[in-house]
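Heads up, the sequence shown is in my numbering, so the first residue is 2 and it goes up one at a time.
All residues carry an ideal CB built from backbone N, CA and C; glycine is no exception.
What you are looking at is a predicted structure, and each value in this text was computed from that prediction instead of being measured.
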Amino acid sequence: MSAPEYKISQLVPHEKPMQLIDEMVDYDEEWFKSYLEITPETEFLNENGAVPSWVGIEYMAQTIAAFAGRISREQGEPVKIGFLVGSRKYSAIITEFPIGMKLLVTAERVMQGENGLSVFQCTIEDAGNGEQIASASLNVFQPDDANEFLQNS
2 MSAPEYKISQ
12 LVPHEKPMQL
22 IDEMVDYDEE
32 WFKSYLEITP
42 ETEFLNENGA
52 VPSWVGIEYM
62 AQTIAAFAGR
72 ISREQGEPVK
82 IGFLVGSRKY
92 SAIITEFPIG
102 MKLLVTAERV
112 MQGENGLSVF
122 QCTIEDAGNG
132 EQIASASLNV
142 FQPDDANEFL
152 QNS
């Protein structure tokens, strides 16, 4: 395992420009690592030419989506839609991700219920120096049938 086999576009239900992570880096049965680089074309650039660090929560959520998408693909199923329910203790030591910064995002499954609810511990590292720059615990929900769930909500 642990070798990139998929493009991110094959694993997440997002399309550009809202597909925010660039590459699959590594994975196993309990975690997934993705990579992205902040460029002048990156979504959510602010007036400083940087991405606010709170967008890191979405980088984490899309890494979780890629984790789930890989599992679906390997089971011969289509990629399913999931929902970010909430985050706990999002902490970042920087306020912005500047253009040129390369990020390594890790999502590790902590708990998964049979009801579709899961908890992931996530981190973002500066891929240039390996320093952890953000972390959070994310609660996510993936219904068996997202269309039915949305119609009944």
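Leaving out five residues on either side along the sequence, give the residues of the same chain with a beta carbon under 6 Å from the beta carbon of residue i.
{"i": "G70", "result": "L12, V13, V80"}
{"i": "G50", "result": "I100"}
{"i": "N148", "result": "none"}
{"i": "F45", "result": "V52, V56"}
Give the DSSP-derived three-state secondary structure of residue i in the structure shown.
{"i": "F150", "result": "helix"}
{"i": "I65", "result": "helix"}
{"i": "I9", "result": "helix"}
{"i": "E126", "result": "strand"}
{"i": "E42", "result": "coil"}
{"i": "V56", "result": "helix"}
Could you pull out every residue in the same chain whose Cβ sits closer than 8 Å to the Cβ of residue i, ignoring the five residues on either side in sequence?
{"i": "S92", "result": "A135, S136, A137"}
{"i": "Q143", "result": "A69, K81, I82, G83, F84, G117, S119"}
{"i": "D23", "result": "I9, S35, Y36, L37, E38"}
{"i": "R110", "result": "E31, W32, F68, S119, V120, F121"}
To which residues of the same chain is residue i closer than 7 Å at the C-beta, ignoring the five residues directly before and after it?
{"i": "T43", "result": "V52"}
{"i": "G57", "result": "A93, I125, A135"}
How far does the beta strand (DSSP E) with residue i in it extend, from its first residue to its last?
{"i": "S136", "result": "133-142"}
{"i": "F84", "result": "84-93"}
{"i": "G17", "result": "One point to set straight first is that residue 17 is Lys, not Gly, in the sequence displayed. Neither: K17 is in no beta strand (DSSP E) and is coded neither H nor E."}
{"i": "W32", "result": "32-38"}
{"i": "Q76", "result": "No beta strand (DSSP E) contains Q76, which DSSP labels as neither H nor E."}
{"i": "E97", "result": "97-99"}
Rounded to whole angstroms, how far is the Cβ of residue i from the Cβ of residue j, which I believe are closer than 8 Å?
{"i": "M25", "j": "Y7", "result": "6 Å"}
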